[in-house]
DNA sequence: TCTGATTTCGGACTCGGTACAGTTTTCTGC
DNA sequence: GCAGAAAACTGTACCGAGTCCGAAATCAGA
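Quick look at the structure:
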């Protein structure tokens with residue numbers, strides 16, 4: 112269905128696009144916290160109530176959860192004989208190897224907004240916390256996670272978040288996409304090496 | 112100054128105590144999210160505006176930041192010749208060995224409230240995030256942290272948070288303080304071993 | 001007791017988010 | 001093409017956290 116079916120759906124997607132466009136523009140102009148939902152609704156030419164049917168929260172306007180890597184799922188669906196960490200390492204290396212398909216300009220705008228929104232990290236961490244919990248449960252095969260599962264899940268999620276943050280930070284600071292992309296793969300490899308081999312192998316201090 | 116100086120100061124401390132008492136009671140009765148600041152003010156017999164001069168946010172009513180372990184400080188002030196991880200391991204083992212001095216009943220009430228407050232983790236993570244950033248900077252000797260410093264800081268903070276969470280979870284679930292306390296030391300030791308030696312040494316999968 | 005500084009107070013305000021009833025638009029079956 | 005069901009949109013009223021302000025009460029020092 113190349114035309115996405117129905118006029119209703121088409122309109123809806125157009126409205127949705129108008130909202131994100133307006134929001135991103137306002138955020139870029141004045142910063143996340145200085146823009147109100149009422150203003151975004153006005154800029155997108157819809158009512159405030161309607162805005163909340165498209166996006167359940169202000170945060171959801173920039174934190175797209177569609178492109179969602181879910182560590183727990185990756186571990187649960189790993190090929191036989193492969194360790195959880197190996198599966199995760201491979202997945203994220205593949206992810207880093209793939210080209211960025213999204214609109215680079217829009218992505219950069221998002222990154223820039225997120226990079227200097229102080230009140231935004233909390234929401235991201237909430238999402239990360241759920242992923243961590245799920246990963247711990249998966250590592251424990253669904254049972255109540257023991258200490259090792261909890262620790263491993265926490266370390267893995269923390270490492271992934273760290274590498275991601277460094278990637279986006281680099282982009283926001285002006286590093287060309289190609290360079291940041293290259294570095295990303297190397298950093299992912301080191302992150303997983305550190306988890307598997309321990310810090311003793313990787314530090315001199 | 113055994114009488115803390117001045118009638119004003121005495122009154123202030125009494126009011127502060129009344130607020131925390133009222134808040135903790137209400138939270139325990141109905142849960143964190145179901146209690147409003149207006150209700151707390153009424154229960155403490157002060158005005159809502161005054162309540163906000165004693166506690167700047169609802170969260171601050173239960174998250175006492177006074178007993179504050181700061182990893183960055185611990186690393187920065189470690190004895191010469193000791194590695195950062197060693198310093199942290201020792202500090203947290205000592206912390207676990209020390210008896211709990213605070214009022215056990217009130218502490219348990221706090222823990223119980225926090226354990227089932229869904230909208231509370233965000234604030235805690237914000238604090239944790241600042242600690243993580245500070246630790247990374249300290250590990251990098253104040254310079255812009257490289258990947259290794261970022262990863263180590265993230266893993267350490269994640270591990271500490273995990274062990275703490277398991278401890279409080281156990282208490283909230285009814286584990287006697289003595290048992291939870293014993294387990295705490297063992298879990299801290301394993302957490303730091305895992306960071307130093309890597310997961311390969313500690314898992315069979 | 002008078003004066004000046006703090007504290008407290010009530011109330012109005014902002015902003016994110018929810019609830020709802022009523023209207024418009026689109027879809028579907030005839 | 002039309003009637004009615006379904007969905008989307010709107011305005012408005014509401015809630016709770018948090019801020020701000022002017023006025024009143026309270027305290028400290030002389």
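Protein chains in written order, with the working numbering: chain A, 112 to 316; chain B, 112 to 316.
Note that beta-carbon positions come from the ideal geometry of N, C-alpha and C, so glycine has one too.
Note that the structure is predicted; figures quoted are calculated from it, not measured.
(request) Could you name the residues of the same chain whose beta carbon sits closer than 6 angstroms to that of residue 155 (chain B), not counting the 5 residues immediately before and after it, in chain order? (result) 129, 130 and 133.
(request) Go ahead and label residue 125 (chain B) buried or exposed: buried means 16 or more other beta carbons lie within 10 angstroms of its beta carbon, across all protein chains shown. (result) Exposed is the call here.
(request) Pick out whichever of A:249, A:269 and A:290 has its Cα sitting closest to the Cα of residue 238 (chain A). (result) Ranked by how close their Cα comes to the Cα of residue 238 (chain A), the residues A:249, A:269 and A:290 have A:269 in first place.
(message) Pairs of beta-carbons, one from the region 298 to 309 of chain A and one from the region 187 to 201 of chain A, closer than 8 angstroms: are there three or more?
(response) A contact exists between the region 298 to 309 of chain A and the region 187 to 201 of chain A.
(request) Give the residues of chain B in contact with residue 285 (chain A), contact being defined as C-beta atoms less than 9 angstroms apart. (result) Residues of chain B passing the Cβ test: none, with the nearest at roughly 15 angstroms.
(request) Quick one: grab the DSSP three-state call for residue 122 (chain A). (result) Correct three-state label for residue 122 (chain A): helix.
(request) Give a yes or no on whether the C-beta atoms belonging to residue 264 (chain B) and residue 250 (chain B) are separated by under 8 angstroms. (result) Contact: yes.
(message) Measuring straight from C-alpha to C-alpha, what distance separates residue 138 (chain A) and residue 140 (chain B)?
(response) Rounded to whole angstroms, residue 138 (chain A) to residue 140 (chain B) spans 41 angstroms at the Cα level.
(request) Answer with buried or exposed for residue 112 (chain B), where buried requires no fewer than 16 other C-beta atoms within 10 angstroms of its C-beta. (result) Interpretation of residue 112 (chain B) is limited by its pLDDT of 38, a score under 50 that renders its predicted location unreliable; no figure is taken from the coordinates.
(message) I'd like to know whether the C-beta of residue 231 (chain A) is nearer than 8 angstroms to at least one C-beta of chain B.
(response) Against chain B, the CB of residue 231 (chain A) has no partner CB under 8 angstroms away; the residue lies outside that interface.
(message) Distance cutoff 8 angstroms, beta carbons only. Does residue 238 (chain B) sit that close to anything in chain A?
(response) No, residue 238 (chain B) does not count as interfacial toward chain A.
(message) 8 angstroms is my cut-off, CB to CB: does residue 309 (chain B) come that close to chain A?
(response) Closer than 8 angstroms: yes.
(message) If the cut-off is 8 angstroms on Cβ atoms, which residues from the region 193 to 215 of chain A count as contacting chain B, listed in chain order?
(response) Against chain B - using a Cβ distance shorter than 8 angstroms - the residues of the region 193 to 215 of chain A are 194, 195 and 196.
(request) Buried or exposed for residue 285 (chain A), please, with buried defined as at least 16 other CB atoms from any protein chain shown within 10 angstroms of its CB. (result) By the 10 Å Cβ count, residue 285 (chain A) comes out exposed.
(request) State yes or no: is the C-beta of residue 298 (chain A) within less than 8 angstroms of the C-beta of residue 258 (chain B)? (result) Result yes, Cβ atoms of residue 298 (chain A) and residue 258 (chain B) sit closer than 8 angstroms.
(message) Let me confirm a value: residue 273 (chain A) is counted as buried when at least 16 other C-beta atoms fall within 10 Å, else exposed. Which label applies?
(response) Per the 10 Å Cβ criterion, buried.
(message) I need the boundaries of the alpha helix (DSSP H) containing residue 277 (chain B), first residue and last residue.
(response) Annotation for residue 277 (chain B): the continuous alpha helix (DSSP H) segment containing it runs 258 to 283.
(message) Considering only the alpha carbon of each residue, which of B:267, B:260, B:173 and B:279 lies closest to residue 313 (chain A)?
(response) For residue 313 (chain A), the nearest C-alpha among the options comes from B:260.
(request) State yes or no: is the beta carbon of residue 180 (chain A) nearer than 8 angstroms to at least one beta carbon in chain B? (result) For residue 180 (chain A), the answer is no, since every Cβ of chain B falls outside 8 angstroms of its Cβ.
(request) Report buried or exposed for residue 163 (chain B), applying the criterion of at least 16 other Cβ atoms within 10 angstroms of its Cβ. (result) With fewer than 16 Cβ atoms within 10 Å of its Cβ, residue 163 (chain B) is classed as exposed.
(message) Can you look up residue 210 (chain B) in the DSSP assignment and give me helix, strand or coil?
(response) Of the three classes helix, strand and coil, the one that applies to residue 210 (chain B) here is coil, per DSSP.
(message) Between residue 185 (chain A) and chain B, is any beta-carbon pair separated by less than 8 angstroms?
(response) Judged by the 8 angstroms Cβ criterion, residue 185 (chain A) is not in contact with chain B.
(request) Return the residue from the list A:242, A:293, A:288 and A:153 that minimises the CA-CA distance to residue 218 (chain A). (result) The alpha carbon of residue 218 (chain A) has as its nearest neighbour, out of A:242, A:293, A:288 and A:153, the alpha carbon of A:288.
(message) Using only the alpha-carbon positions, how far apart do residue 147 (chain A) and residue 278 (chain A) sit?
(response) About 29 angstroms.
(request) Measure from the C-beta of residue 261 (chain B) to each C-beta in chain A and report whether the shortest distance is under 8 angstroms. (result) Interface residue (Cβ-Cβ distance to chain A less than 8 angstroms): residue 261 (chain B) is classified as such.
(request) Could you work out which residues of chain B lie near residue 313 (chain A), taking near to mean beta carbons separated by less than 8 angstroms? (result) Scanning chain B for C-beta atoms nearer than 8 angstroms to the C-beta of residue 313 (chain A) yields 259, reported in chain order.
(message) Contact criterion: CB-CB distance below 8 angstroms. Does residue 149 (chain A) meet it with respect to chain B?
(response) No, because no Cβ of chain B sits closer than 8 angstroms to the Cβ of residue 149 (chain A).
(message) Using beta carbons (cut-off 8 angstroms, strictly below), is residue 270 (chain A) in contact with chain B?
(response) Interface residue, yes.
(request) Express the C-alpha separation of residue 175 (chain A) and residue 228 (chain A) in angstroms, rounding to a whole number. (result) Distance from the CA atom of residue 228 (chain A) to the CA atom of residue 175 (chain A), rounded to whole angstroms, is 15 angstroms.
(message) Under 7 angstroms, CB to CB, which of the residues in the region 285 to 302 of chain A have a partner in chain B?
(response) For the region 285 to 302 of chain A, which is checked against every Cβ of chain B, the residues closer than 7 angstroms are 298, 301 and 302.
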